[in-house]
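Take a look at the structure below.
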Amino acid sequence: MIERAREELVLSLGFVDGRNVWRTDLTAALARLETVAERHGAERLMIGPSCSLLHVPVDLELETGIDDELRSWLAFAVQKIEELAVLGRGLTEGHEAVAYELARSDAAVAARRSSARIHSPAVAAWLEAVTPEMTQRANAYPARHERQQAVLALPLLPTTTIGSLPQTPEVRSARASFASGKATREEYDSFLRTETERAIRWQEEIGVDVLVHGEFERNDMVQYFAEQLDGYAFTTAGWVQSYGSRCVRPPIILGDISRPEPMTVAWSTYAQSLTSCPVKGMLTGPVTMMQWSFVRDDLPRETVCRQLALALRDEVRDLEAAGIGVIQIDEPALREGLPLRASERSDYLAWAVECFRLASSGVDDETQIHTHMCYSDFNDIIEAIGALDADVISIESARSRMELLNAFESYRYPQEIGPGVYDIHSPRVPTTEEMRDLIVEAARRIPLEQLWVNPDCGLKTRSWTEAKPAVANLVEAAKEARAVLA
């Protein structure tokens, strides 16, 4: 690209990664910069980050809980600006002017490369042992569906929610009390058991077909799992904007990832012990775990994602062994991860799909695998979504009034699909009639026997005064739609 630039242009070059938290290899960057300067002239160059720095935390100095070794590998927004200043001085004044900064950078790069925290021989051997058969279910969907229905005995238009239930001020307060040491583990677990049982009883009362445990123990759909995996690190002040006014604190993938012990089995099996209805096990998928973290930059993203997939594969198998017959693996970031260059997208989709299947395919035919994707236009990746080979997919479609189903209609999606009939990003409670009409509209595009009824997304951000009547209306809408359509 640089070689093709016209001579009269001033070039602004992104020499510091604005989307990740790793410090720049200043010696290598300065060498590249000098090569460009020799070709085009230093007077025609401007240097900056690769993009806006709103994607990274503000200042590493605000972090008090990060150990010195990891701190030496990181650079947040303030540090990245300082790195740019070093590169500018090095180019204009020579290496001697920035010798101290270059030496520190070299030492950090070398230490990170050789650190025992980065590479795990066990994880490397684990990856080597992966075979193509591990990404395949034992039988195709039609045979699986028959066996799942024999076990689950679900009605036409089965109802479920996406996973999370309202994270009330009481839930957040209990979590904060436990985190600060004001509440004991026994007190916190007792609170969570009470909330979980209330959620199960409410869903039973209104007639939901496949229940969720509510996820009251979870702080964030990525951080909760990251905290239980080896290979992750965390900040205390590393907030970045997610969307609108919402901010998140992405964890940092610093090394090879593995799962020391089960992560969700205890709460899923507790919830299942309370009811004879099926309760979904809830997991965040490997692509989303990677995409919504700061990813290590010393391995291909594909390799990092495979490590996550293997860790989740063990969790899926443990859930099945514990008697959880429905397992949802959320992948809302699948489309978000598409490379900007169209030429690279097919490769990305190939390994992203493979990673999902690696995580999900180690179960028997009777275990029903769900996935969820929210607020995306799927038309250009519909074949990849089909290739995930999930038994059920749930998507956002309430706001578009089922317009997003056009892609699934033309593609003839082979498995089951839950188009959302309740927009959870609005405090408004939709009526039974509205949701029934959306179900009927969906049935015009998708065969009735393939349809599920669910909200667009999880109910974490809603209050119980909104969620309870909305989900009750959703269940009633499914009953009315069965009477109209059956």
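Residue numbers for the sequence shown follow this note's numbering, so the first one is 127 and each next one is one higher. Beta carbons: idealized from backbone N, C-alpha and C, even for Gly. The model shown is predicted, which means the values in this text are computed figures rather than measured ones.
Smallest Cα separation from residue i: which of the options?
i: Ile543; options: Ala569, Gln433 and Glu272; result: Ala569
i: His551; options: Ala516, Pro581, Val489 and Val566; result: Pro581
i: Pro388; options: Gly370, Met408 and Thr401; result: Met408
i: Ile450; options: Asp423, Thr395 and Glu535; result: Thr395
i: Ala612; options: Pro595, Thr587 and Glu575; result: Glu575
i: Ala163; options: Val430, Val442, Ala154 and Leu137; result: Leu137
i: Thr591; options: Glu560, Glu606, Pro553 and Ala609; result: Pro553
i: Ala168; options: Val555, Leu600 and Gly216; result: Gly216
i: Asp490; options: Thr401, Ser290 and Asp517; result: Asp517
i: Cys500; options: Gly174, Glu462 and Ala607; result: Glu462
i: Val348; options: Tyr267, Gly512, Ala459 and Ala302; result: Ala459
i: Ser399; options: Arg327, Val430, Gln417 and Pro465; result: Arg327
i: Thr429; options: Arg467, Thr401, Gly381 and Pro465; result: Gly381
i: Ile519; options: Ala203, Gly357 and Pro540; result: Pro540
Rounded to whole angstroms, what's the CA-CA distance from residue i to residue j? Just pull it up for me.
i: Ala363; j: Pro183; result: 8 angstroms
i: Ala603; j: Asp346; result: 31 angstroms
i: Ser231; j: His181; result: 22 angstroms
i: Leu514; j: Leu171; result: 46 angstroms
i: His166; j: Gln367; result: 37 angstroms
i: Arg238; j: Ser306; result: 32 angstroms
i: Arg483; j: Thr558; result: 36 angstroms
i: Phe351; j: Gly584; result: 17 angstroms
i: Val391; j: His245; result: 28 angstroms
i: Val421; j: Arg562; result: 43 angstroms
i: Val297; j: Thr410; result: 21 angstroms
i: Thr257; j: Ala485; result: 13 angstroms
i: Ile507; j: Glu480; result: 14 angstroms
i: Pro376; j: Asp185; result: 15 angstroms
i: Ile192; j: Ala359; result: 8 angstroms
i: Ser299; j: Leu278; result: 37 angstroms
i: Gln293; j: Leu318; result: 12 angstroms
i: Arg439; j: Thr161; result: 46 angstroms
i: Pro295; j: Ala325; result: 16 angstroms
i: Lys206; j: Asp151; result: 11 angstroms
i: Thr285; j: Arg372; result: 29 angstroms
i: Ala533; j: Pro545; result: 12 angstroms
i: Val547; j: His498; result: 14 angstroms
Do residue j and residue i come within 8 angstroms of each other at the CB atom, strictly closer than that value?
i: Ile455; j: Leu445; result: no
i: Ser176; j: Gly140; result: yes
i: Ile403; j: Glu330; result: Note on residue identity: the sequence assigns Cys, not Ile, to residue 403. Taking 8 angstroms as the Cβ cut-off, Cys403 and Glu330 qualify as a contacting pair.
i: Glu227; j: Val212; result: yes
i: Ile100; j: Leu434; result: Nothing can be reported for residue 100, as the shown portion of the chain is limited to 127 through 612.
i: Ser523; j: Leu530; result: yes
i: Thr320; j: Gly340; result: no
i: Trp393; j: Glu313; result: no
i: Ala234; j: Arg149; result: yes
i: Leu355; j: Val405; result: no
i: Ala437; j: Leu475; result: no
i: Gly333; j: Val601; result: yes
i: Leu253; j: Arg527; result: no
i: Asp423; j: Asn146; result: yes
Looking only at DSSP bridge pairs, what is residue i linked to?
i: Pro545; result: Ile521
i: Ala359; result: Ile378
i: Leu337; result: Val405
i: Cys373; result: Gln367
i: Val579; result: Thr285
Between residue i and the ligand HEM, is the CB less than 7 angstroms from at least one heavy atom?
i: Trp590; result: In terms of ligand content, the structure shown is empty, and the ligand HEM therefore cannot be addressed.
Next on the checklist: In chain order, what are the residue ranges of uninterrupted alpha helix (DSSP H) at least 4 long that sit wholly in the region 182-258?
Outcome noted: 194-197, 203-219, 225-240 and 247-254
Checklist entry - Unbroken alpha helix (DSSP H) runs of length 4 or more, entirely within the region 130-171: which are they? => result 152-166
Item to check | Entirely enclosed alpha helix (DSSP H) segments - the region 412-456, minimum 4 residues | outcome: 412-417 and 427-447
Next on the checklist: Going residue by residue through the region 460-494, where are the continuous alpha helix (DSSP H) segments of at least 4 residues, counting only ones entirely within it?
Outcome noted: 471-486
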